[in-house]
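Note sheet for the following structure.
2 protein chains.
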Amino acid sequence: MNDIRAELLTIGDEILYGQIVDTNSQWMSAELDKIGVRTIRKTSVGDNEADILQAVAEAESRADIILITGGLGPTNDDLTKPCLCKYFDSKLVMNEEALAELTALFEKRGRTLNERNRNQALLPDKCKKVTNSVGTAPGMWFDKNGKAFISMPGVPYEMKKMMEDIIIPEIRKRFPAPVILHQLVKTVGIPESILADRLEDWEKNLPNHIKLAYLPSLNQVKLRLTATGSEKSELEKDIQAQVDLLFPLIGEYIFATDDENLEALIGRMLKERNLTLAIAESCSGGFLSQLITSVAGSSAYYRGSIIPYHNDLKINNLGVKKETIEANGAVSEPTIIEMANQVRKMFGASIGVATSGIAGPAGGYPEKPVGTIWIAFADGERTITKKLQLTTDRHQNIYMTSVNALNLIRQSLSVND
Amino acid sequence: MNDIRAELLTIGDEILYGQIVDTNSQWMSAELDKIGVRTIRKTSVGDNEADILQAVAEAESRADIILITGGLGPTNDDLTKPCLCKYFDSKLVMNEEALAELTALFEKRGRTLNERNRNQALLPDKCKKVTNSVGTAPGMWFDKNGKAFISMPGVPYEMKKMMEDIIIPEIRKRFPAPVILHQLVKTVGIPESILADRLEDWEKNLPNHIKLAYLPSLNQVKLRLTATGSEKSELEKDIQAQVDLLFPLIGEYIFATDDENLEALIGRMLKERNLTLAIAESCSGGFLSQLITSVAGSSAYYRGSIIPYHNDLKINNLGVKKETIEANGAVSEPTIIEMANQVRKMFGASIGVATSGIAGPAGGYPEKPVGTIWIAFADGERTITKKLQLTTDRHQNIYMTSVNALNLIRQSLSVND
Chain A
4 MNDIRAELLT
14 IGDEILYGQI
24 VDTNSQWMSA
34 ELDKIGVRTI
44 RKTSVGDNEA
54 DILQAVAEAE
64 SRADIILITG
74 GLGPTNDDLT
84 KPCLCKYFDS
94 KLVMNEEALA
104 ELTALFEKRG
114 RTLNERNRNQ
124 ALLPDKCKKV
134 TNSVGTAPGM
144 WFDKNGKAFI
154 SMPGVPYEMK
164 KMMEDIIIPE
174 IRKRFPAPVI
184 LHQLVKTVGI
194 PESILADRLE
204 DWEKNLPNHI
214 KLAYLPSLNQ
224 VKLRLTATGS
234 EKSELEKDIQ
244 AQVDLLFPLI
254 GEYIFATDDE
264 NLEALIGRML
274 KERNLTLAIA
284 ESCSGGFLSQ
294 LITSVAGSSA
304 YYRGSIIPYH
314 NDLKINNLGV
324 KKETIEANGA
334 VSEPTIIEMA
344 NQVRKMFGAS
354 IGVATSGIAG
364 PAGGYPEKPV
374 GTIWIAFADG
384 ERTITKKLQL
394 TTDRHQNIYM
404 TSVNALNLIR
414 QSLSVND
Chain B
4 MNDIRAELLT
14 IGDEILYGQI
24 VDTNSQWMSA
34 ELDKIGVRTI
44 RKTSVGDNEA
54 DILQAVAEAE
64 SRADIILITG
74 GLGPTNDDLT
84 KPCLCKYFDS
94 KLVMNEEALA
104 ELTALFEKRG
114 RTLNERNRNQ
124 ALLPDKCKKV
134 TNSVGTAPGM
144 WFDKNGKAFI
154 SMPGVPYEMK
164 KMMEDIIIPE
174 IRKRFPAPVI
184 LHQLVKTVGI
194 PESILADRLE
204 DWEKNLPNHI
214 KLAYLPSLNQ
224 VKLRLTATGS
234 EKSELEKDIQ
244 AQVDLLFPLI
254 GEYIFATDDE
264 NLEALIGRML
274 KERNLTLAIA
284 ESCSGGFLSQ
294 LITSVAGSSA
304 YYRGSIIPYH
314 NDLKINNLGV
324 KKETIEANGA
334 VSEPTIIEMA
344 NQVRKMFGAS
354 IGVATSGIAG
364 PAGGYPEKPV
374 GTIWIAFADG
384 ERTITKKLQL
394 TTDRHQNIYM
404 TSVNALNLIR
414 QSLSVND
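Chains as they are written, first to last, in our numbering: chain A, 4 to 420; chain B, 4 to 420.
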């Protein structure tokens with residue numbers, strides 16, 4: 004059983020200057036993980052020959068597979084190709100197949116190839132071309148002493164297509180890996196240290212081949228169990244046994260034991276119960292709706308939303324009583340109750356959900372400081388409300404309002420189970 | 004003039020397994036950049052002693068400042084503290100000030116300190132404590148041969164507060180840096196290679212102390228000019244001269260030369276013109292509205308939205324004519340025209356904007372494949388429509404529909420200038 008080790012190298016001054024978030028390395032390592040290849044290090048360096056060459060050499064000394072993204076564009080600040088030429092003592096030659104692919108791509112897009120684009124078909128003579136079916140820069144695959152060095156464009160869409168279609172299948176063929184199984188157990192609504200206390204004994208009794216990690220984020224803590232071995236079916240049984248032990252300890256906080264996120268879970272719950280959803284969101288400004296509609300197939304249960312940002316819209320277009328708002332304010336329990344019930348009726352949905360609060364940074368006052376938020380769930384029989392006291396950060400408040408609203412839907416639907 | 008070099012080390016198996024995106028390193032390097040500290044490398048390693056120690060040693064060999072995040076939690080998989088003890092030949096002692104701060108934090112939250120939390124106040128005797136005012140794990144600052152090693156929690160909110168309040172001011176004091184100025188020129192609607200062709204001569208004539216980079220993303224290409232020198236005012240003049248030369252070449256595609264994003268720009272344009280906005284979005288499902296409302300102060304110009312995901316809502320709640328949808332379908336120019344005009348009237352706004360399309364992955368047919376999208380802008384005098392033919396990817400389609408709608412607003416408002 005081999006331990007296949009990969010390193011990821013992302014290249015670009017824009018990463019070092021902090022002008023973009025490097026999402027490529029996250030995606031690549033998740034894909035490698037699925038096929039049992041262990042990422043042992045991620046490195047980012049700038050558009051600088053010495054740093055690129057040093058990073059490639061260091062990665063070669065530790066890993067079996069080196070994945071490189073970035074620096075393949077048509078402009079002069081892109082150095083990856085010349086650096087790899089130097090590293091592998093290779094020279095640039097016109098790759099006729101790449102040129103033909105490039106020409107076809109441009110024809111399809113109704114554009115003509117300029118010199119700069121033509122040069123993208125120049126490849127080092129010691130590499131194999133990796134076809135880029137959705138962009139202009141081909142990838143490069145170098146082999147050396149049983150190790151693979153693969154260079155891809157930095158544009159996420161192009162890199163992903165290349166990985167999925169060509170590189171992942173090729174890695175599987177060349178590097179048979181040990182079996183590594185991960186199991187996520189996702190919780191919402193319990194702080195990490197309380198969770199750890201509840202799970203202390205359980206954790207101590209974990210078998211040696213199963214490792215535990217806590218992955219905390221805003222409002223949620225994920226537990227990740229990782230089992231390593233040679234027999235997939237054995238590992239699956241071992242992990243399932245541990246997950247079964249978790250439910251009596253923390254079952255009420257667990258919302259998923261798979262990749263499913265909260266918005267997809269809610270979609271599934273609504274569909275299974277033949278229910279539909281309408282949303283009236285004020286302070287969350289569309290964020291909750293876009294979470295719901297980010298799920299493919301959401302039109303099966305999602306009717307629509309209204310975002311009545313101003314009070315006159317809450318009154319005239321959503322039908323909240325003027326007196327309710329005048330007496331209690333827009334950020335209040337009586338108002339949120341009417342919002343949830345009104346949107347439910349107005350859009351003909353089984354369930355109405357509403358948010359109203361002070362997202363900030365301005366707009367707070369002593370009795371209702373920034374971060375005061377009301378959310379509600381109404382299904383025609385019950386109206387369940389919740390008051391949140393969140394932060395002073397606008398983006399966090401919008402995000403956490405939306406996640407809390409999702410969790411309120413989950414809890415309200417679970418009661419009937 | 005010193006060149007101050009920083010390296011960032013983010014620690015956690017969850018980063019290597021690809022289960023979270025490392026956004027900390029992006030944020031930290033952007034902050035360092037602002038104070039003239041150059042990030043030369045970013046490294047991520049797992050929760051593994053040997054890898055952590057090796058990465059710290061490598062960083063020490065190259066950089067003046069080493070920023071470390073992650074691995075400070077209360078659970079057993081958190082190894083940063085013991086590793087740094089070993090690296091600096093230090094031992095853990097109870098830091099009474101940290102314990103007092105921790106106790107106060109718990110009291111404020113109405114929780115009691117358990118043993119696991121108490122242990123978070125144990126710190127290596129050779130470090131200075133860095134106060135964590137919003138979380139349980141204090142930071143650590145080690146000094147060695149004029150170099151600074153700073154360890155922070157991995158929770159972004161806690162790390163950022165620590166950086167802003169304590170670490171950045173302290174770095175500025177200890178490491179006076181050369182002047183580095185960045186200037187962004189943001190374009191929308193022109194492909195990178197065409198842009199590069201148009202700018203070829205201009206780029207060749209750039210002075211030596213100004214460097215150019217192309218930062219492409221979906222629908223947008225940013226140009227970044229970086230000037231290095233000793234006199235800030237000189238550099239500002241030099242950069243401004245180059246930006247002035249860009250406008251005659253690509254002015255129509257430039258939407259910003261600062262940090263302002265498209266949604267903030269539109270907010271400013273609307274406010275300056277005393278205009279208000281209402282949105283009817285179907286296929287973009289709330290994404291466009293949440294972009295608009297992500298801007299602090301957006302209530303000054305944003306009235307509200309309706310998301311009529313189903314056709315009966317488009318007809319009954321938004322007032323699109325039934326015949327229009329029956330004759331042309333919901334994804335059509337006649338429908339999008341009515342949507343934009345109706346939402347404008349219904350919500351009493353100066354401007355109505357609408358989106359309708361097939362986001363996918365399902366729901367397409369030969370004449371209207373997945374990715375067929377209509378957007379419209381209506382201001383009472385004009386209705387401007389645009390048809391987009393986007394991708395087969397749901398998330399990309401939602402995102403690009405929203406950015407195209409923002410750009411349509413920008414262009415439509417610019418015409419009057």
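All C-beta atoms, glycine included, are put in the ideal place defined by N, C-alpha and C.
Spell out whether any CB of chain B is found under 8 Å from the CB atom of residue i.
{"i": "residue 377 of chain A", "result": "no"}
{"i": "residue 306 of chain A", "result": "yes"}
{"i": "residue 223 of chain A", "result": "no"}
{"i": "residue 171 of chain A", "result": "no"}
{"i": "residue 158 of chain A", "result": "yes"}
{"i": "residue 133 of chain A", "result": "no"}
{"i": "residue 29 of chain A", "result": "yes"}
{"i": "residue 6 of chain A", "result": "no"}
{"i": "residue 302 of chain A", "result": "yes"}
{"i": "residue 54 of chain A", "result": "yes"}
Determine whether the Cβ of residue i lies closer than 8 Å to any Cβ atom of chain A.
{"i": "residue 185 of chain B", "result": "yes"}
{"i": "residue 175 of chain B", "result": "no"}
{"i": "residue 24 of chain B", "result": "yes"}
{"i": "residue 19 of chain B", "result": "yes"}
{"i": "residue 107 of chain B", "result": "no"}
{"i": "residue 290 of chain B", "result": "yes"}
{"i": "residue 341 of chain B", "result": "no"}
{"i": "residue 425 of chain B", "result": "In the structure as shown, chain B begins at 4 and stops at 420. Residue 425 of chain B is therefore absent and cannot be evaluated."}
{"i": "residue 227 of chain B", "result": "yes"}
{"i": "residue 313 of chain B", "result": "yes"}
{"i": "residue 350 of chain B", "result": "yes"}
{"i": "residue 76 of chain B", "result": "yes"}
{"i": "residue 345 of chain B", "result": "no"}
{"i": "residue 2 of chain B", "result": "The requested residue 2 of chain B is not part of the displayed model; chain B covers only 4 to 420."}
{"i": "residue 67 of chain B", "result": "no"}
The alpha helix (DSSP H) with residue i in it runs from where to where?
{"i": "residue 403 of chain B", "result": "397-417"}
{"i": "residue 223 of chain B", "result": "Where residue 223 of chain B is concerned, there is no enclosing alpha helix (DSSP H), although the beta strand (DSSP E) it sits in stretches over 223-232."}
{"i": "residue 119 of chain A", "result": "118-121"}
{"i": "residue 56 of chain A", "result": "52-65"}
{"i": "residue 327 of chain B", "result": "325-331"}
{"i": "residue 200 of chain B", "result": "195-201"}
{"i": "residue 339 of chain A", "result": "336-349"}
Is residue i buried or exposed, if buried means 16 or more other CB atoms sit within 10 Å of its CB?
{"i": "residue 96 of chain B", "result": "exposed"}
{"i": "residue 73 of chain A", "result": "buried"}
{"i": "residue 250 of chain A", "result": "exposed"}
{"i": "residue 115 of chain B", "result": "exposed"}
{"i": "residue 149 of chain B", "result": "exposed"}
{"i": "residue 395 of chain A", "result": "exposed"}
{"i": "residue 243 of chain A", "result": "exposed"}
{"i": "residue 167 of chain A", "result": "exposed"}
{"i": "residue 392 of chain B", "result": "exposed"}
At the level of alpha carbons, what is the spacing between residue i and residue j?
{"i": "residue 179 of chain A", "j": "residue 60 of chain A", "result": "24 Å"}
{"i": "residue 357 of chain A", "j": "residue 79 of chain B", "result": "40 Å"}
{"i": "residue 212 of chain B", "j": "residue 343 of chain A", "result": "59 Å"}
{"i": "residue 327 of chain B", "j": "residue 338 of chain B", "result": "6 Å"}
{"i": "residue 373 of chain B", "j": "residue 402 of chain B", "result": "14 Å"}
Kindly indicate the opening and closing residues of the beta strand (DSSP E) around residue i.
{"i": "residue 379 of chain B", "result": "375-381"}
{"i": "residue 93 of chain A", "result": "Segment: none, residue 93 of chain A is in no beta strand (DSSP E) and carries neither H nor E."}
{"i": "residue 23 of chain A", "result": "Segment: none, residue 23 of chain A is in no beta strand (DSSP E) and carries neither H nor E."}
Check your understanding: Between the region 397-413 of chain A and chain B, which residues of the former have a C-beta closer than 8 Å to a C-beta of the latter?
Key -> 397, 398, 399, 401
Practice item. Anything in the region 246-262 of chain B with a Cβ closer than 7 Å to a Cβ of chain A? List those residues in chain order, please. Key: none
**Study point:** Against chain A: residues of the region 272-283 of chain B by CB proximity under 7 Å
**Key:** none
Check your understanding: Got a sec: which bits of the region 95-122 of chain A sit with their beta carbon under 7 Å from any beta carbon on chain B, in order along the chain?
Key -> 117, 119, 120
Practice item. Give, in chain order, every residue of the region 38-50 of chain B whose Cβ lies closer than 9 Å to some Cβ of chain A. Key: 41, 42, 43, 44, 45, 46, 47, 48, 49, 50
Practice item. Using a Cβ-Cβ cut-off of less than 9 Å, list which residues of the region 353-385 of chain B approach chain A; keep chain order. Key: 362, 363, 364, 365, 366
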